[in-house]
Ligand SMILES: Nc1ncnc2c1ncn2[C@@H]1O[C@H](COP(=O)(O)OP(=O)(O)OP(=O)(O)O)[C@@H](O)[C@H]1O
Ligand SMILES: [Mg+2]
């Protein structure tokens, strides 16, 4: 089955995941345009990673559907896997292998033709700024360097869509900035980036944001559109994304508490 090329890079329609009686992702619908940097925000346990796993074809939805790079998440998971880069929340590099050996390993996993491997490896090393570390074992690298290498491994096969699940957690601000420079670079080449983060200054770098709470999408828009939603609480120019995040989540949790009492 071939992909549909008339669709946005990522589409979700009523996407839902239940684990037993628990609803982890509840009826999310949204589109991400090609080349867009889309930030997916929400508190711990909101359903971000579960949504990403469904979009990557790693977990089947309980209800609803979605497409990634024109491939259907229900029926075309092989097509999806060949067309995405995925950096999971606990990404895995082999600590005993060197930078180059890790890249070689992932080049094998992604089935990159042997004749192209040297060129792709050189590109990743240059893109991620790893020239000096290429012979070093990963276990000895700093967190920021590991994260850049993991990103490089995730894009070895030049996927058009990239899923990054908290790619910068636990690294210092300079390394995070360097990582975001790479994300911008990918986006400028037309790659679509779907990224989760708990850092609000990173959310500012996104073209558009979706805020999830208890599995539901409670807000969707550009950073400035979202700030407009809570500007009654403070002068618009002083509202931060952290204000937006806290205000909207508190409103939702108050609503949920009222509904609970009414029941
Ligand atoms: N395989 C599973 N079985 C049962 N419950 C699960 C499973 N995977 C996730 N959950 C639950 O679903 C909810 C959403 O989890 P998820 O990992 O998607 O949250 P998240 O938004 O990524 O959180 P964090 O910011 O902490 O990474 C959580 O309550 C989690 O415990
Ligand atoms: Mg998560």
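Numbering (the numbering used here), first residue to last: 39 to 301. Note that beta-carbon positions come from the ideal geometry of N, C-alpha and C, so glycine has one too. As the structure is a computational prediction, the values presented were derived from the model and not from experiment.
Scanning its chain for C-beta atoms nearer than 7 Å, with the 5 sequence neighbours on each side dropped, one finds around residue 127 the residues 87, 203 and 204, in chain order. Put simply, the backbone Cα of residue 52 is about 14 Å away from that of residue 110. Within its own chain, the residues whose Cβ lies closer than 6 Å to the Cβ of residue 75, once the five positions on either side in sequence are excluded, are 225, 231, 244 and 245, listed in chain order.
Note on the stretch 94-176: whole beta strand (DSSP E) runs with a minimum of 3 residues are 101-106 and 122-125, in chain order. Residues close to ligand 1 by the beta carbon criterion (under 5 Å to any non-hydrogen atom) are, from first to last along the chain, 57, 62, 82, 83, 84, 85, 86, 87 and 88. DSSP, reduced to helix, strand and coil, places residue 44 outside both helices and strands of the structure shown, so it counts as coil. Between residue 138 and residue 175, the C-beta spacing is not below 8 Å.
The three-state secondary structure of residue 64, taken from DSSP, is strand.
Around the CB of residue 78, 16 or more other CB atoms lie within 10 Å, so the residue is classed as buried. The three-state reading of DSSP puts residue 71 in coil, since its state is none of H, G, I, E or B. Nearest Cα to residue 215 within the set 182, 198, 40 and 228: 182. Comparing alpha-carbon positions, the option among 297, 275 and 251 lying closest to residue 284 turns out to be 251. Counted as a single uninterrupted DSSP element, the alpha helix (DSSP H) harbouring residue 189 occupies residues 181-192. Short of 8 Å from the beta carbon of residue 222, and not among the five residues preceding or following it, lie these beta carbons of its own chain, in chain order: 75 and 243. Distance from the C-beta of residue 185 to the nearest heavy atom of ligand 2 is not below 7 Å. DSSP, reduced to helix, strand and coil, places residue 246 within a strand of the structure shown.
For residue 172, same chain residues with a beta-carbon under 8 Å away, outside a window of 5 residues either side, are 136, 137, 138 and 163 in chain order. Checking the DSSP bridge columns, you'll see residue 203 partnered with 234. The alpha-carbon of residue 180 is positioned some 9 Å away from that of residue 209.
Under the three-state reduction of DSSP output, residue 77 falls in the strand class. Per the C-alpha coordinates, the member of 49, 279, 84 and 73 positioned closest to residue 64 is 84. Considering only 61, 49, 297 and 238, the residue with the shortest C-alpha distance to residue 70 is 49. Going by DSSP, residue 83 is part of no alpha helix (DSSP H) at all; its letter is neither H nor E.
Between the beta-carbon of residue 206 and that of residue 240 there is about 7 Å, and that keeps the pair under the 8 Å contact cut.
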